[in-house]
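Student: Got a structure for you, questions after.
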Amino acid sequence: MIIILKLNIKNDIKSLHKKIIDIALISEDSNDITFFNIDDEEIHETLKTLKKTYVTSNSKDETILNLKHKTKKQIKDTRTLKLESYKKFNEALNMIDRDFITSATEIIDEALELNPKDVDILNLKGLLKFLKCNFDESFESFYKSTCYDNNELAQKYVKILTSEEFGIFLSRYNHAIRFINNDLNQESIQILENIVNEEPELIEPYLVLHLIYEKLGNNEKANEYLGALRKVDKDNPLFEKEASIQPVKENEEKVSPKKSKSHKPLYALIVVLVIVAGALYLNNKKQLDKLSNQITKKDEQIDKTNKKLDKTKNELNKAKDEKKKEESQDNTEVIVGDEEDLFNKAMDLKQEGDNQEAIKYLELVVSNGKTKKYVSEAIYQLALLNENEKNNEEAIKYYKKYINTYKPSDNYYDDSYYNLGMLYYKQGDLEEAQQAFYSLRAEDPDSMYNNSQVEDILKER
24 MIIILKLNIK
34 NDIKSLHKKI
44 IDIALISEDS
54 NDITFFNIDD
64 EEIHETLKTL
74 KKTYVTSNSK
84 DETILNLKHK
94 TKKQIKDTRT
104 LKLESYKKFN
114 EALNMIDRDF
124 ITSATEIIDE
134 ALELNPKDVD
144 ILNLKGLLKF
154 LKCNFDESFE
164 SFYKSTCYDN
174 NELAQKYVKI
184 LTSEEFGIFL
194 SRYNHAIRFI
204 NNDLNQESIQ
214 ILENIVNEEP
224 ELIEPYLVLH
234 LIYEKLGNNE
244 KANEYLGALR
254 KVDKDNPLFE
264 KEASIQPVKE
274 NEEKVSPKKS
284 KSHKPLYALI
294 VVLVIVAGAL
304 YLNNKKQLDK
314 LSNQITKKDE
324 QIDKTNKKLD
334 KTKNELNKAK
344 DEKKKEESQD
354 NTEVIVGDEE
364 DLFNKAMDLK
374 QEGDNQEAIK
384 YLELVVSNGK
394 TKKYVSEAIY
404 QLALLNENEK
414 NNEEAIKYYK
424 KYINTYKPSD
434 NYYDDSYYNL
444 GMLYYKQGDL
454 EEAQQAFYSL
464 RAEDPDSMYN
474 NSQVEDILKE
484 R
């Protein structure tokens, strides 16, 4: 079960309008205090705590500035800094229009240093960091934006970054990176190429795919992804390496046959041939070392991001669960003691062929039970029984519920993925089936269900 995020980051960037460069329109408020908005009804303790830490840092910095007794000249300096930040914001938008994403990211970082409370600048930084796959920095930027001004764009991306769907996406991406460290290059390629197809705006997958294919010696595919990378990020740091040898190539191309007697072009050609020959000899080791170092850094970054987002997501889920428990507490107290009997009764009804009645009993176990042994089994049995009864939507719901509730080490985790994928496949939904099987390989690479039948389905187009 892989749910495509279906992002449209470039459109969201276009929704940001350029700043008007007029110092007269900038407020002269000498205090310039902008406290974060704290919602007293916020039920998610992690998010509330996060906001409070930002408040502490924000108010502390502003208090120190006030204690320094800002002068009129300093007020004007503040307005000048804001004006400069607006210029950089507009410049970043211009660079994005030309697909110079790396430069735009650097410029918007500079703008934020000058004007750290501007919501538009924070949002643009969040969007650019998302494009660059720096998800932790993206989340922090959007979340700070919601603290200053609970705006729609920032809310949208905070919701995306803390969603179950994004957690699945991040898990796939994480596995793709770790597969490379374990020399499972083809498995990594499959996941990354699917991510590229699903989310073509994201930059880093092109870079990693180029490096993998370069490592494997597949120059055609390596160049294909290098070209794709150039289209989405024309000044990516990877191109700096190529720029150093580009003048030699250009000089070689400019030499006409009539001037071939010149020793300089011949010398340049010999140098290039020597470089290429040496590169062919040393390429595998150097590329392996380079890729390994880059992947190790990205692995550390993804682990860091996972911890941040998982913590937030767990708190969100915990709050929702607590609310549900409070609402159903009375019913739960009546039925909990009988969950074993309810489950056993359901299994007896299943044996007798009365699936509809069995489903009713199992639903009671799921909604009111507290013991993992019975609840987890009931969820999986509900998926099976509903599939047998051709209630496919219900079957899909319970397979997904099992996957999203339990871990790969649990009894029916890979069974649920496999059955979900096959159910989609039988319905003719190849895309969803392949997403389920790719996720199975990412979440549980050692599962017996990663077999030739699944491999054949993944190859279908």
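Those letters in the sequence shown? Residues 24 to 484, per the numbering used here, in order.
Note that CB positions come from ideal geometry on N, CA and C, so glycine has one too.
Predicted, not measured: the structure shown is a model, and the values here were computed from it.
Say yes only if the C-beta of L151 is nearer than 7 Å to one or more non-hydrogen atoms of the ligand NAD, and no if none qualify.
Tutor: With respect to small molecules bound, the structure shown includes none, and the ligand NAD cannot be examined in it.
Student: Measure from the alpha carbon of V181 to the alpha carbon of each residue in T101, F165, I119 and S399, then state which is nearest.
Tutor: That would be F165, whose Cα lies nearest to the Cα of V181.
Student: Around the Cβ of K449, are there at least 16 other Cβ atoms within 10 angstroms (buried) or fewer (exposed)?
Tutor: Per the 10 Å Cβ criterion, exposed.
Student: To the nearest angstrom, how far is it from the Cα of I298 to the Cα of R121?
Tutor: With a pLDDT of 40 at I298, under the threshold of 50, the modelled position of this residue cannot be trusted; read the value that follows with caution. Taking the straight line joining both Cα atoms gives about 33 Å.
Student: Spell out a yes or no on whether the stretch 394-409 and the stretch 435-443 are touching, meaning 3 or more CB-CB pairs, one atom from each, closer than 8 Å.
Tutor: The stretch 394-409 is in contact with the stretch 435-443.
Student: Let me check understanding here. Comparing Cα to Cα, which of A127, F262 and N138 lies closest to K152?
Tutor: Ranking A127, F262 and N138 by Cα distance to K152 puts A127 first.
Student: Cβ of K148 within 8 Å of Cβ of I130?
Tutor: Against a cut-off of 8 Å, the Cβ pair of I130 and K148 comes out as no contact.
Student: Would you grab the beta carbon distance between I144 and L135 for me? Rounded to a whole angstrom, and I think it's under 8 Å.
Tutor: Contact holds; Cβ gap of about 5 Å.
Student: Could you tell me if H40 is buried or exposed, where buried requires 16 or more neighbouring beta carbons within 10 angstroms of its beta carbon?
Tutor: Exposed, since its Cβ has fewer than 16 Cβ neighbours within 10 Å.
Student: Can you tell me which of the three DSSP states Q379 falls into?
Tutor: Helix.
Student: Can you list, in chain order, the residues of its chain with a C-beta nearer than 7 Å to that of A245? Leave out the 5 residues immediately preceding and following it.
Tutor: So the list reads H233, Y236 and E237, once near-sequence residues are dropped.
Student: What is the DSSP secondary structure of K257, reduced to helix, strand or coil?
Tutor: Looking at K257 - three-state DSSP - the assignment turns out to be coil, as it is neither helix nor strand.
Student: Run through the stretch 170-222 for me and flag every whole alpha helix (DSSP H) of 4 or more residues, listed as ranges in chain order.
Tutor: Within the stretch 170-222, the complete alpha helix (DSSP H) runs of at least 4 residues are 175-184, 187-204 and 208-221.
Student: Please look up how many angstroms separate the CB atoms of L154 and S108, rounded, as I've assumed it's under 8 Å.
Tutor: Not confirmed; about 21 Å, so no contact.
Student: Go through its chain and collect everything with a Cβ distance to R253's Cβ below 8 Å, but skip five positions before and after it.
Tutor: Cβ neighbours of R253 beyond the five flanking positions: N259 and F262.
Student: On the premise that K42 lies in contact with Y113, defined as a C-beta separation below 8 Å, what is that separation, rounded to the nearest angstrom?
Tutor: Looking at the sequence provided, one finds Asn at residue 113 rather than Tyr. Confirmed, about 6 Å.
Student: How big is the Cα-Cα spacing for K179 and K29?
Tutor: So the alpha carbons of these two residues sit roughly 13 Å apart.
Student: With DSSP as the reference, label K420 as helix, strand or coil.
Tutor: Helix at K420.
Student: Measure the beta-carbon distance from I124 to V255 and round it to whole angstroms, keeping in mind my assumption that it falls under 8 Å.
Tutor: Right, their Cβ atoms sit about 7 Å apart.
Student: Quick check: the Cα distance between Y248 and A465, rounded to an integer number of angstroms?
Tutor: So the two alpha carbons sit approximately 22 Å from each other.
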